[in-house]
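Asker:
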Amino acid sequence: MSKSFIEVLNYISNDTTYSPCVIIHGKINGDKSDKNIIIKNLNNNYSELQYEINYSFFKATVELQPGINNLLFISQKNGTLPFNLNYVPLASNKPIHLCLLVGSDSPMKYDTNDKKEYDLPSDVHLKLAIQKLQIAGRLTQSYTNEQMYRNGYSQRTMQFVEEFSDAGLYRQTKFSKSNIKIHVLRSSYKTSEILNPDIAQQNQNGKNRGKLFDIAIEEIIKYDNGKLIANYSSSNPIQAAVIFMDTKFDPKLNLILGHAALGGGSDLVKLAIFGSHGLYCWPSYWEDLTSIMLNNNRVVDNGLPVSNDNGEAGTVFETFSTTLGAFIHEMGHSLTLPHRTFGVMLRDYIVFHRSFMSREVSGRGNNYSKSKFIEGRAFVPADECCWHPLDLVRFNNHECFRLPTDVKLLEQTSTVVKVLPDKQSMTFENKNGGIYAIEIQDLKSGDQLSRGWHIYANPVTQIIKLDVNKDIVQKSGLELKDIALEIFARNTSPIKIQNLNTFITESTLTIQGRQVTKSLLYGSQNEKPVYYLLPQGTETKVNKIIVYHGGAIDGLKIFFSSNYPPILLGHETGNFSTFNINNDNIGKIKLRSGQWIDAVQFFNKQNIPLTPFVGNVNGGSEHVLEGSIVGIYGSWSNWMDGIGVLY
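With the UniProt record's numbering applied, the sequence shown covers 1 to 647.
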């Protein structure tokens, strides 16, 4: 066998991956005049794919089937390289449902500048749109997997709902395999309603610019007569990403109708939405990937009218990168990510193509300047669009990204934040789950962008101590008065310190001659808080708790032995539950809260429940208050707005 001069850089043969599609980075160590490399998957029916070699490097995007994939890299002048990758599907992971939403009277056609393509029958347009979404999903998975892998988070990516089908994603061969399932949401809304300029997000004079998001949520809930959403709840929301098929560019209004770039969701539906105005520049077949990403033909003034989204979609490759990148950006929002100072969650995705190619062509769009164009050398990681470090660590701890080797935490954990008496230092502790990130956020920026951070790739269960000046103020370059903190830990909702300066200033107080430290107030504060110390010593214990509640918590009343006076937080109402307790101490309080307290449960110091979970147990998000609790405090108006504890 002749010697091979082909080297794979980012994998070792027989590696295991959990992504159904990967980006393989390689190098040619022999004859540098070789221009192309062919990749074959020898144990399935995939067509062979060809990728360019530039500056002695290549990148190959390769779909995998479950089990061992016997890959063969073939070059004309540098021999061949057999290479194996083992793909293990993660069928039990929570998936994203990828959807195509069409109006009730939809013509089933997406925008394109090519009249020949536009004149194709509606069923062909729909088929191609589905194929484009299926490949886009695989590109999203391979890109995210590579980003996670190169940053030390293993082979890890999001999963989509799969189905066994003949999707026809290869021109050369037709065969059945596992593909991303595209739900076609046949809306009750007419196309004219979807294309109403008043609901177009980019219409600055629009009267209801968020309506398309509401429509998408409505159609997901109604899909398949409600059978899909029946599998989910507010404590286990569905993850979905929706493209509007009927998006249309109106050149007279210079407006993209039926389009909104939004991500987020409700308690029940976590959602990303986007228009189809860039689909015509997304690949319909795997063989087209290279030709699209290296195509800088003008589209905005060549053929039928199409949009130039944000002035960054003037050519084929720019339209591909800008629109698919923006859709992934919205998926990021649906997976909890905020805007960032760089990366996908800013607008760096205009160079998304670099993650898949070993060279690029010069852009001709309004915003792709010569300063962005790279030639004469191979790309380095810093040239690519990236997921921000804070995005990666969030993904690493997100339920959609779990690996079989991850430790699954069964119980909700709690994060305790304290300001030390000198007010120069703070401690953070989550002793069961572990803290994985502390974000230092800028209150001056509208999006409260993180200007500094502490990332713990292996979540820390011990106490983390930070110097306020060195580790927070100087780390972020912000003034103390302009800082918010958000603390992330495994298996618990993040906690937010809305204003660090205020939190530090008000962190300690003296009650009955005793100095105590406050926890965060969970819920909200609409009135001045009321503070109570719990009785100290061994004689006086809790012997009864009354919870006043309806759809949320109205008030709490705690009774004690030894004729110690009861304490009341909130209001006494006619709807209440009484729990008699055999003289015990409060060691932990579990809450569900949003803008108010939805539900509450008390435990003793041995973690044995003193009461059931009372109230709306599916409302808000869950939090746990525990530690050396010496008191309790709260804020209320019409109902119980917020609860915290004293240490």
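From the three backbone atoms N, C-alpha and C, an ideal C-beta is built for every residue, glycine too.
Quantities reported herein were computed from a predicted structural model and do not represent experimental measurements.
1. Out of curiosity, what's the CA-to-CA distance linking L568 and F576?
2. Can you round the beta-carbon distance between S593 and S635 to whole angstroms, since I take them to be within the 8 Å contact cut?
3. Return the CA-CA distance between D132 and T247, expressed in angstroms with no decimal places.
4. Suppose the cutoff is 8 Å on Cβ atoms and the five residues either side in sequence are ignored; what does the same chain contact list for S507 look like?
5. Is the Cβ-Cβ distance between L271 and S187 less than 9 Å?
6. Just list the beta strand (DSSP E) runs in the stretch 225 to 295, keeping only unbroken ones of 3 residues or longer that don't cross its boundaries, in chain order.
7. Going by CA-CA distance only, name the one from H339, P612, Y456 and V624 that's closest to I581.
8. What's the C-alpha gap between K465 and T413?
9. Using only CA atoms, which one of N236, N499 and F602 lies nearest to K481?
10. Going by DSSP in three states, E218 sits in which element: helix, strand or coil?
11. Thinking just about the alpha-carbon of each residue, which of F342, A382, H353 and T492 is nearest to the one in L410?
12. Quick check on T427: buried or exposed, where buried means 16 or more other Cβ atoms within 10 Å of its Cβ?
13. So, are the CB atoms of Q536 and V630 less than 9 Å apart?
14. By the 10 Å Cβ neighbour count, where 16 or more other Cβ atoms means buried, how is S476 classified, buried or exposed?
15. Along the chain, where does the alpha helix (DSSP H) that runs through Y46 open and close?
16. Cα separation between N366 and E318?
17. Out of F342, T112 and I440, state which residue places its alpha-carbon closest to the alpha-carbon of D301.
18. Helix, strand or coil for K207 per DSSP?
19. Do you know whose CA, among I558, V547 and Q525, lies nearest T540's CA?
20. To the nearest angstrom, report how far apart I209 and D584 are at their CA atoms.
21. What residue range is occupied by the uninterrupted beta strand (DSSP E) comprising N86?
22. Select from G258, L126 and Q155 the residue whose C-alpha is nearest the C-alpha of D214.
23. Taking the beta carbon of R402 as the centre, do at least 16 other beta carbons fall within 10 Å, making it buried, or is it exposed?
24. Please list the terminal residues of the continuous beta strand (DSSP E) segment that includes I545.
25. Run through DSSP, which three-state label would T505 get?
26. Per DSSP, K59 is paired with what?
27. Measure how close the beta-carbons of D288 and K190 come, nearest whole angstrom, since I'm counting them as under 8 Å.
28. Closest to L100 by CA distance: which of L169, T17, A241 and N41 is it?
29. Exposed or buried, which one is L521 when buried takes at least 16 other CB atoms within 10 Å?
30. Look at N45 and K181 and say whether their C-beta atoms are less than 9 Å apart.
31. My output table needs one value for L169: the three-state DSSP class, helix, strand or coil.
32. Quick one: using the 10 Å Cβ neighbour count with 16 as the cut-off for buried, is I463 buried or exposed?
33. By the 10 Å Cβ neighbour count, where 16 or more other Cβ atoms means buried, how is T578 classified, buried or exposed?
34. Would the beta-carbon of N396 fall within 9 Å of that of Y153?
Answerer: From the atom records:
1. When the Cα atoms are used, L568 and F576 turn out to be separated by approximately 13 Å.
2. S593 to S635, Cβ: 12 Å. No contact.
3. In the sequence as presented, Asp is not what sits at residue 132; that position holds Lys. Going from the Cα of K132 to the Cα of T247 covers about 15 Å.
4. Contacts found: K418, V419, K423, T517 and K518.
5. Remark: C-beta atoms of L271 and S187 do not approach each other more closely than 9 Å.
6. Complete beta strand (DSSP E) runs here, min 3: 238 to 244, 248 to 250, 255 to 257, 262 to 265 and 269 to 275.
7. Taking only the C-alpha atoms, the option nearest I581 is P612.
8. Per the coordinates, the alpha-carbon of K465 lies some 19 Å from the alpha-carbon of T413.
9. Measuring from the Cα of K481, the nearest candidate turns out to be N499.
10. E218: helix per DSSP, three-state reduction.
11. Looking from the CA of L410, the closest CA among F342, A382, H353 and T492 belongs to T492.
12. It is exposed - the Cβ of T427 has fewer than 16 other Cβ atoms within 10 Å.
13. Cβ atoms of Q536 and V630: closer than 9 Å.
14. It counts as buried.
15. From DSSP, Y46 is part of no alpha helix (DSSP H); its letter is neither H nor E.
16. Legend: pLDDT at N366 = 49, less than 50; position of this residue unreliable, no value from coordinates given.
17. Nearest C-alpha to D301: T112.
18. In this structure, K207 counts as coil in the three-state DSSP scheme.
19. Considering only alpha carbons, the answer is I558.
20. The sequence as given places Arg at residue 209; Ile does not occur at that position. Taking the straight line joining both Cα atoms gives about 54 Å.
21. Per DSSP, N86 belongs to the beta strand (DSSP E) from T80 to Y87.
22. Looking from the CA of D214, the closest CA among G258, L126 and Q155 belongs to G258.
23. Counting Cβ neighbours within 10 Å, R402 comes out buried, since at least 16 surround it.
24. Run containing I545: V542 to H549, per the beta strand (DSSP E) assignment.
25. In this structure, T505 counts as helix in the three-state DSSP scheme.
26. Looking at the DSSP assignment, K59 forms a beta bridge with H25.
27. D288 to K190, Cβ: 33 Å. No contact.
28. Per the Cα distances, A241.
29. By the 10 Å Cβ count, L521 comes out buried.
30. It is not a contact, given that the beta carbons lie outside the stated cut-off.
31. In the three-state reduction of the DSSP assignment, L169 falls in the coil class.
32. Looking at its Cβ environment, which holds fewer than 16 other Cβ atoms inside 10 Å, I463 is exposed.
33. T578 counts as exposed, since fewer than 16 other C-beta atoms from the protein chains shown sit within 10 angstroms of its C-beta.
34. Yes, Cβ-Cβ distance for N396 and Y153 is below 9 Å.
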